[in-house]
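Chemist: Numbering (the working numbering), first residue to last: 570 to 910. Beta carbons: idealized from backbone N, C-alpha and C, even for Gly. Please find one structure pasted underneath; my questions will follow.
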Ligand SMILES: [Zn+2]
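Structure representation (structure tokens):
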């Protein structure tokens, strides 16, 4: 009887709180605050006090000093935060969908920590139903990854996350490209590692931070030949062919050779001289042209690197490098350009 009375009072209190739109305690009880707009960051025109009070339930902004209402009927730009359930958690949103997860992160799963003895006991779950639910949980998890396509997608996404070394936004793009290819049946008969490596290569190149095929092949553990064939295939399919320019490799080589950052200025200067003379550098490998320019800039700025060191970083042969250097020297001499700026 006494207990009945207490629970009745409690529920009444709860209803009253809901009516008054008052915050309750516990998880999810804090309501996102309305950001102050420009007009409410300066002191009050009437009394000069800077103390704006926002009343969310009335939709008013008033002065804490004199009480003048500065804004009414204001729109709450926050999340819709009413709980129509009888529980206290008022959140109803999750993280944004992402391509780096096979189901874009939009799934419902049975949390394993709800089924451990402590938590389950607190919710009044018997040992038998706990066992049953654990079994259902396993079945549920398995059903999500049973189809081979989605299972492959999970593995591919994992590879892109672990091995690509791309920043978050580019991982997202690589995963999207893989998903597209997988839906077109491109992955069938090819290795997941190979296709993810090709996706990584393409995304990195399109975003202007190119990777070299041997490096990508090594991290993804695929054969170079297979990878370059796949890259060509994909770029033809999506018309992604892009003429890469030597400029894209400058930063990469400068940091790989541990040259001082101001080498970049010298390289840029040499490039600005070379750039108009397309007959010299177009049709040559951009990595080779970049390597030759870096070599020249490094020697001229007094931080000489050997040809072998540069060839190792740029992955071109010394013969190629020397050939390009001869061409460059010929051009710079004919222009009377000392190379110094
Ligand atoms: Zn005031």
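Would you list the residues sitting across from residue 623 in a DSSP beta bridge?
Modeler: Locating residue 623 in the chain shown gives position 54, where the first residue counts as 1. Looking at the DSSP assignment, residue 623 forms a beta bridge with 630.
Chemist: Taking just the CA atoms, how far does residue 789 sit from residue 750?
Modeler: The residue you call residue 750 lines up with position 181 of the chain shown. The residue you call residue 789 lines up with position 220 of the chain shown. So the alpha carbons of these two residues sit roughly 18 Å apart.
Chemist: DSSP beta-bridge partners for residue 869?
Modeler: One-based indexing of the chain shown puts residue 869 at position 300. BP columns for residue 869 are empty, so no partner.
Chemist: Can you have a look at residue 740 and say buried or exposed, based on whether 16 or more other CB atoms are within 10 angstroms of its CB?
Modeler: As a working note, residue 740 is residue 171 in the chain shown. With 16 or more Cβ atoms within 10 Å of its Cβ, residue 740 is classed as buried.
Chemist: What span of residues does the alpha helix (DSSP H) with residue 638 cover, start to end?
Modeler: Within the chain shown, residue 638 is the residue found at index 69, counting from 1. Element bounds for residue 638: not the alpha helix (DSSP H) but the beta strand (DSSP E), 638-640.
Chemist: Under 7 Å between the Cβ atoms of residue 639 and residue 722?
Modeler: Within the chain shown, residue 639 is the residue found at index 70, counting from 1. Within the chain shown, residue 722 is the residue found at index 153, counting from 1. No, Cβ-Cβ distance for residue 639 and residue 722 is not below 7 Å.
Chemist: If you measure from each residue's Cβ to the nearest non-hydrogen atom of ligand 3, which ones come out under 6 Å, in chain order?
Modeler: With respect to ligand 3, the structure offers nothing, as its ligand set consists of ligand 1.
Chemist: When the Cα atoms are used, what is the spatial distance from residue 693 to residue 709?
Modeler: By 1-based counting over the chain shown, the position of residue 693 is 124. By 1-based counting over the chain shown, the position of residue 709 is 140. Distance between the alpha carbons of residue 693 and residue 709: 23 Å.
Chemist: Taking the alpha carbon of residue 836 as the reference point, which residue from 864, 884 and 696 has its own alpha carbon closest?
Modeler: As a position in the chain shown, residue 836 is number 267, starting the count at 1. Nearest of 864, 884 and 696 to residue 836, Cα basis: 864.
Chemist: Would a check of beta-carbon distances place residue 872 closer than 7 Å to chain D?
Modeler: No chain D is present in this structure, which holds just one protein chain.
Chemist: To the nearest angstrom, report how far apart residue 629 and residue 698 are at their CA atoms.
Modeler: To locate residue 629, count along the chain shown from 1; it is residue 60. To locate residue 698, count along the chain shown from 1; it is residue 129. The straight-line gap from Cα to Cα measures roughly 51 Å.
Chemist: Just mark residue 893 as buried or exposed, buried being the case when its beta carbon has 16 or more other beta carbons within 10 Å.
Modeler: Taking the first residue of the chain shown as 1, we reach residue 893 at position 324. Buried, by the Cβ-count rule.
Chemist: Once DSSP output is grouped into helix, strand and coil, what is the label at residue 645?
Modeler: Taking the first residue of the chain shown as position 1, residue 645 is located at position 76. Looking at residue 645 - three-state DSSP - the assignment turns out to be coil, as it is neither helix nor strand.
Chemist: Could I get the ranges of all uninterrupted alpha helix (DSSP H) runs contained in the stretch 802-877, with 4 residues as the minimum, in chain order?
Modeler: The stretch 802-877 contains these whole alpha helix (DSSP H) runs: 816-825, 832-843, 847-850 and 855-869.
Chemist: If you reduce the DSSP assignment to three classes, tell me which class residue 755 lands in.
Modeler: Translated into positions along the chain shown, residue 755 becomes position 186. Residue 755 falls in the coil class under three-state DSSP.
Chemist: Less than 8 Å between the CB atoms is what I'm expecting for residue 800 and residue 767, so what's the real figure, rounded?
Modeler: Here the question's residue 800 lines up with position 231 in the chain shown. Here the question's residue 767 lines up with position 198 in the chain shown. Right, the Cβ-Cβ distance comes to about 5 Å (below 8 Å), so this counts as a contact.
Chemist: Which class does residue 693 belong to by DSSP, given the choice of helix, strand or coil?
Modeler: Start at 1 with the first residue of the chain shown, and residue 693 comes out as number 124. Note: residue 693 maps to coil in three-state DSSP.
Chemist: According to the Cβ coordinates, are residue 764 and residue 756 closer than 7 Å?
Modeler: By 1-based counting over the chain shown, the position of residue 764 is 195. By 1-based counting over the chain shown, the position of residue 756 is 187. Yes, they are a contact pair.
Chemist: Residues in the same chain with beta-carbon distance under 8 Å from residue 878, minus the five sequence neighbours each way, listed in chain order, please.
Modeler: Counting from one through the chain shown, the residue named residue 878 turns up at place 309. Taken in chain order, the residues that qualify are 826.
Chemist: Cα separation between residue 712 and residue 643?
Modeler: Sequence index remark: in the chain shown, residue 712 carries index 143 (1-based). Sequence index remark: in the chain shown, residue 643 carries index 74 (1-based). When rounded, the distance between both Cα atoms is 47 Å.
Chemist: Given a threshold of 16 other Cβ atoms within 10 Å of its Cβ, counted over all protein chains shown, does residue 635 qualify as buried or as exposed?
Modeler: Counting from one through the chain shown, the residue named residue 635 turns up at place 66. The residue is exposed, with fewer than 16 neighbouring Cβ atoms inside 10 Å.
Chemist: Under the assumption that residue 846 contacts residue 900 (Cβ atoms under 8 Å), give the Cβ distance between them as a whole number of angstroms.
Modeler: Within the chain shown, the letter at position 277 stands for residue 846. Within the chain shown, the letter at position 331 stands for residue 900. With 8 Å as the limit, residue 846 and residue 900 qualify as a contact, their Cβ atoms being about 6 Å apart.
Chemist: By the three-class DSSP mapping on this structure, what secondary structure does residue 723 have?
Modeler: Taking the first residue of the chain shown as position 1, residue 723 is located at position 154. In this structure, residue 723 counts as helix in the three-state DSSP scheme.
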